[in-house]
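Protein chains in written order, with my numbering: chain D, 84 to 319; chain C, 84 to 319.
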């Protein structure tokens, strides 16, 4: 399938590599391709520069957000939560009629500091939107002609693309969104990633819980210790 | 152990019955014992009147919040989230030096409507406090001489006291709070309830994640259908 991944961060790289490995026709979108490739320092989350990563994963084209989305059948949003609505709304035409998977957490961004959050160990960064709204709902409102599906957001993307690395893969992935066919497309993709327990949480309002779970995910991660990978299984 | 349960709602009743069954010396606290026993209609959450329930569970004394707490070694807070801080602060002296388990979700209360939330099926009620604070932290700040432990909050109390009823009991319970001994007391109680996987999430700041998980719990519950019991297992 022709799949565009928007963003070049650590999470996006997990999907890019996995999709290429699965034989999909992957294209990557970034705000300014030349600037992305020219960068020599680490990104905001301390990932090595994308150009360096790309050297180890040759042959994956890089384009603007709009050009990447325009040619794709399925689009994965890997743009930081605080930039996502603005960046996606700007290419609404390129996303019209398509399925867009969003996995962003809407962490509050403070432009006055270099990192997006000044959070001590053990305290999760706070969200810019939660409780009575969610980033998933905001994106769906900004893109009324796009079938937005919230997914992937409840754990690290490295294990989203490799669920069997945790407990043999017997844990739960969640999807939410207004369009049943779009959710089926995402469910099929997740199945190809190795997921066996995929729970449809219903309409996009469920993105509130999926995004707010970031605090619980953080707390569990702090408890288990840095670098411990985990998932959650809905036992019923 | 002498244990006080504050509150007479559905969740409190689960703990009262289980603690009595386990042979603890249980006392129940309510704002106005006479009024509680005189009530003939269902409570806010449509539970049958407490007096009716008590007739099926004879011999469990009912006292004011303060009198119940005063004689107990361990106190369980089952007061609604929107009333908890005020009601507990009023009996701070009776709670001093004790371990207090809090399992409340701080759902926003609207005094202009009869029920605490006007929420359609599929949409979780919103929280009065979240993200940068939590009810657990508020209670600990209001009771500096009490060892507050957040626990039980991530699932229905009926299955908190009967974890083996879900998946043979292989799911995860969380505790958080500042005092290690208090958390051990709660962990011992949970073990007596049948829990085998109890994860200490660290300081009370983790109550943010535990309370905000209410949206995820709600979404999963809506997806599985009314009346389906479930828990979550941290797979690692």
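Cβ atoms here follow ideal geometry from the backbone N, Cα and C, with glycine treated the same way. Everything numeric in this text was worked out from a predicted model, so none of it was measured.
Are the C-beta atoms of residue 143 of chain C and some chain D residue less than 8 Å apart? no
Distance check for residue 300 of chain C and residue 150 of chain D, CA to CA, integer angstroms please. 39 Å
Using the three-state DSSP reduction, which class does residue 257 of chain D fall into: helix, strand or coil? strand
DSSP-derived helix/strand/coil call for residue 112 of chain D: strand
DSSP state of residue 234 of chain C, grouped into three classes? strand
Can you tell which of D:229, D:287, D:106 and D:269 has its C-alpha closest to the C-alpha of residue 177 of chain D? D:229
The region 267-281 of chain D contacting the region 230-248 of chain D, beta-carbon criterion three pairs below 8 Å: yes
Work out the CA separation of residue 245 of chain C and residue 88 of chain C for me, nearest whole Å. 17 Å
CA-CA distance, residue 103 of chain C and residue 188 of chain C? 25 Å
Quick check on residue 165 of chain C - is its C-beta less than 8 Å from some C-beta in chain D? no
Contacts that residue 215 of chain D makes with chain C (C-beta to C-beta distance below 7 Å): 209
For residue 286 of chain D, go through chain C and note every residue whose CB falls closer than 9 Å to its CB, in chain order. 205 and 206
Decide if the region 304-319 of chain D is in contact with the region 108-122 of chain C; the criterion is three or more beta carbon pairs, one per stretch, under 8 Å apart. no
Ordered along the chain, which non-local residues of its own chain (more than five positions away) have a Cβ less than 6 Å from that of residue 240 of chain D? 94 and 97
Three-state class that DSSP yields for residue 222 of chain D in the structure shown: helix
Grab the span of the alpha helix (DSSP H) containing residue 99 of chain C for me, first residue to last. 93-104
With the cut-off set at 8 Å, would you say residue 294 of chain D and residue 215 of chain D are in Cβ contact? no
Within the same chain, show all residues whose beta-carbon is closer than 8 Å to that of residue 247 of chain C, passing over the 5 residues directly before and after it, in chain order. 277
Tell me the DSSP secondary structure of residue 266 of chain D in three-state form. helix
Identity of the residue in C:191, C:223, C:155 and C:130 nearest residue 288 of chain C by Cα: C:223
How about residue 314 of chain D and residue 242 of chain D: are their beta carbons less than 8 Å apart? yes
Suppose you measure from the CA of residue 181 of chain D to the CA of residue 261 of chain D; what does that come to, to the nearest Å? 13 Å
Segment limits, beta strand (DSSP E) that includes residue 314 of chain C: 314-318
Could you tell me which uninterrupted beta strand (DSSP E) segments, each at least 3 residues in length, are contained entirely in the region 161-207 of chain C, listed from first to last along the chain? 182-185
If contact means a Cβ-Cβ distance below 7 Å, which residues of the region 149-161 of chain C contact chain D? none
When the Cα atoms are used, what is the spatial distance from residue 112 of chain D to residue 122 of chain D? 15 Å
Does the beta carbon of residue 295 of chain C come closer than 8 Å to any beta carbon on chain D? yes
So, is residue 266 of chain C buried or exposed, given that buried needs 16 or more other C-beta atoms within 10 angstroms? buried
Find the residues of chain C that neighbour residue 250 of chain D, judging by a C-beta separation of less than 8 Å, and give them in chain order. 318 and 319
For residue 303 of chain C, would you say it is in contact with chain D, using Cβ-to-Cβ distances shorter than 8 Å as the test? yes
Taking a Cβ distance cut-off of 8 Å, strictly less, list which residues of the region 238-249 of chain D are near chain C, in chain order. 249
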